[in-house]
Amino acid sequence: MAPGKLQLPIALDAMGGDNAPACVLRGAEMALIRHPGIRFLLFGNRYILEPLLASIPILKAASSIVHTESVIASDDKPSIAVRRGRESSMWLSIDSVKEGKTCAVVSAGNTGALMAMSKLILRTLPGISRPAIAALFPTLRGECVMLDLGANVESDAEDLYRFAIMGDAFARAVLGLSRPRIGLLNVGSEDLKGRDEVKAAAALLKASVADLNFHGFVEGNDIAAGTVDVVVTDGFTGNVALKTAEGTARLIRTYLKDAFSSSPVAQGGALLASGALKAVKDKLDDRKRNGAMFLGLNGIAVKSHGGADAYSFCNAITVAVELVAHHINTRITEEIKLTAAGSQLPSYAAELSQVTEGESD
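Quick note, the sequence shown lines up with residues 218 to 578 if you use the numbering used here.
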């Protein structure tokens with residue numbers, strides 16, 4: 218099928234990821250069954266992809282291949298990838314979004330290279346200086362959105378404010394919430410605690426004319442508790458929190474497996490509790506939440522885990538579909554414009570001055 222006739226065209230970096238291209242194609246097949254209206258442009262080596270597609274008729278009928286033999290390696294430095302990878306499957310798939318041939322791109326490839334290329338090719342939305350990586354976290358109440366998860370090691374008050382706007386739009390689109398509760402991650406919930414940038418961001422959010430449901434400061438234990446629907450922080454802190462949560466989930470799974478296989482009695486207990494254990498395993502399955510978006514770019518780019526299997530990659534594609542369907546970039550742009558029109562984003566220096574003056578009273 219010609220690209221111009223695609224219903225909801227999604228670009229796939231078919232060669233990106235530890236298990237590509239087989240897992241990318243199987244994931245695309247699952248996504249196609251889940252969302253029959255989507256079509257795919259597959260970027261990669263035709264001579265590798267065509268034999269695999271031949272065994273997946275439903276996907277072959279809904280896909281076109283853009284041939285390239287260049288691939289970004291998982292250990293390539295972003296700067297080198299940008300300079301040498303302009304004919305790569307990653308670069309060409311991102312460029313298809315810029316050219317309007319596709320609505321979104323999904324890749325399980327090198328995160329740093331994907332971010333660098335996406336920012337260079339797609340640029341940022343008006344009013345956004347820095348993109349942020351956003352993804353879903355499991356909580357006792359369901360799921361929450363957290364950002365930034367690594368795009369920006371340092372963020373000032375205005376960055377955090379814009380992250381909140383972008384996270385709000387993401388939660389509305391993916392979680393279907395009408396007024397997501399937003400929290401700023403801090404070392405305490407009290408107004409006087411935390412870095413100056415975080416306190417100034419809180420003041421900006423309280424004064425915003427945008428329709429933001431700002432809860433206030435939250436602590437690390439509030440993330441899993443589901444205290445808020447959107448957790449906003451800088452990329453350094455967010456990435457540490459993400460990796461800690463993933464490691465803790467693996468630790469719990471390992472402890473449970475070891476405990477229930479330690480003796481015949483324990484194995485019998487595991488058999489009796491199989492239903493409950495399956496439910497726990499399902500809740501801890503991070504494959505269900507695969508798919509992080511680079512929010513703030515002038516185009517939709519979704520990052521899948523590098524080691525994703527087919528089911529996991531399918532869920533990353535689903536994130537892309539939902540973001541396109543809910544016009545996430547339009548939502549972000551409208552809220553940024555509303556903020557600018559209301560003059561509710563004073564200079565960082567002035568806002569910080571107000572906060573520090575309040576501390577000395």
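Even glycine gets a Cβ: it sits at the ideal position worked out from N, Cα and C.
Source: prediction; values computed, not measured.
Near residue i, what residues of its chain come up, given a Cβ to Cβ distance below 7 Å and the 5 sequence neighbours on each side ignored?
i    : result
V572 : Annotation note: pLDDT 44 at V572 (below 50); position unreliable, coordinate value reported separately. Contacts found: D413, K416, A417, A420.
P226 : P220, R256, L258, K318, T319, C320
N369 : R347, A349, D376, D451, G452
T341 : P348, G513, L514, N515
N430 : R396, P397, R398, I399
K495 : none
L555 : V426, A427
K505 : N532
L269 : P238, A239, L242
E574 : Summary for E574: the model assigns pLDDT 48, below 50, so the residue's position carries little reliability, and this model does not support an answer.
What does residue i pair with, by DSSP beta-bridge criteria?
i    : result
K520 : S324, A509
V426 : Partner(s): none; V426 has no beta bridge.
I399 : F431, V447
T341 : L514
Which residue comes first and which comes last in the alpha helix (DSSP H) that contains residue i?
i    : result
M363 : Unbroken run through M363 is the beta strand (DSSP E), 359-364; no alpha helix (DSSP H).
F453 : 452-476
P165 : The structure shown does not extend to residue 165, since the chain is modelled only from 218 to 578, so the question has no answer here.
G384 : 374-387
T319 : Element bounds for T319: n/a, residue is neither H nor E.
P238 : Looking at the DSSP string, P238 is not in any alpha helix (DSSP H), and its letter there is neither H nor E.
S529 : 527-542
L488 : 481-489
N369 : From DSSP, N369 is part of no alpha helix (DSSP H); its letter is neither H nor E.
G437 : 437-442
Leaving out the 5 sequence neighbours to the left and right, which residues in its chain are closer than 6 Å to residue i when beta-carbon positions are compared?
i    : result
L339 : K315, L514, N515, G516
D335 : The sequence as given places Ser at residue 335; Asp does not occur at that position. Closer than 6 Å at Cβ, skipping near neighbours: I311, F511, L514, A518.
S570 : Per-residue confidence for S570 stands at a pLDDT of 45, beneath the threshold of 50, marking its modelled position as unreliable; no derived number is given.
G244 : A527, F530, C531
E552 : I382, A427
E360 : L353
G302 : I289, W308
L392 : none
N262 : E286
H543 : A390
P563 : Low per-residue confidence applies at P563: pLDDT is 48, beneath 50, and the placement is therefore not dependable, though the value from the model is reported in the following sentence. Counting only Cβ-Cβ distances below 6 Å, and skipping sequence neighbours, we find nothing.
A476 : none
G411 : N403, V404
P295 : G329, A330, A333
Under the assumption that residue i contacts residue j (Cβ atoms under 8 Å), give the Cβ distance between them as a whole number of angstroms.
i    : j    : result
A325 : A239 : Actually they do not touch by this definition, with Cβ atoms about 12 Å apart.
A427 : E539 : Rounded, the Cβ-Cβ distance is 22 Å, inconsistent with contact.
D230 : F260 : 6 Å
A458 : G437 : 7 Å
D365 : N327 : Contact flag wrong, Cβ pair sits at about 18 Å.
M332 : G233 : No, M332 and G233 are not in contact; Cβ-Cβ is about 13 Å, not under 8 Å.
A351 : F387 : 5 Å
S291 : G523 : 6 Å
I289 : A279 : The pair is not a contact, with the Cβ atoms about 25 Å apart (cut-off 8 Å).
K248 : L357 : In the sequence as displayed, the identity of residue 248 is Ala instead of Lys. Not a contact, Cβ separation roughly 29 Å.
G367 : N456 : 4 Å
G384 : V362 : 5 Å
At which residues does the beta strand (DSSP E) containing residue i begin and terminate?
i    : result
L309 : It is not in any beta strand (DSSP E) - L309 instead sits in the alpha helix (DSSP H) that spans 306-315.
A351 : 349-356
P226 : 225-230
Closer than 8 Å by C-beta to residue i: which residues in its own chain qualify, once you throw out the five before and the five after it? Chain order, please.
i    : result
V435 : G400, L401, L402, N403, S406, T444, V445, V448
A271 : K277
G254 : Q224, L225
A228 : F257, L258, F260, S310, I311, S313, V314, K318, T319, A321, V322, V323
L266 : A231, P238, L242, L259, I282
I250 : I275
Q561 : Here the model assigns Q561 a pLDDT of 49, short of 50, so the residue's position is not dependable and the matter cannot be decided.
T547 : none
H432 : R398, I399, G400, T444, V445
I273 : L242, R243, E246
So, is the C-beta of residue i closer than 8 Å to a C-beta in chain D?
i    : result
N327 : The structure shown contains no chain D; it holds only a single protein chain.
task = Entirely within the region 243-298 and at least 3 residues each: give me those beta strand (DSSP E) ranges in chain order.
result = 255-261, 280-284
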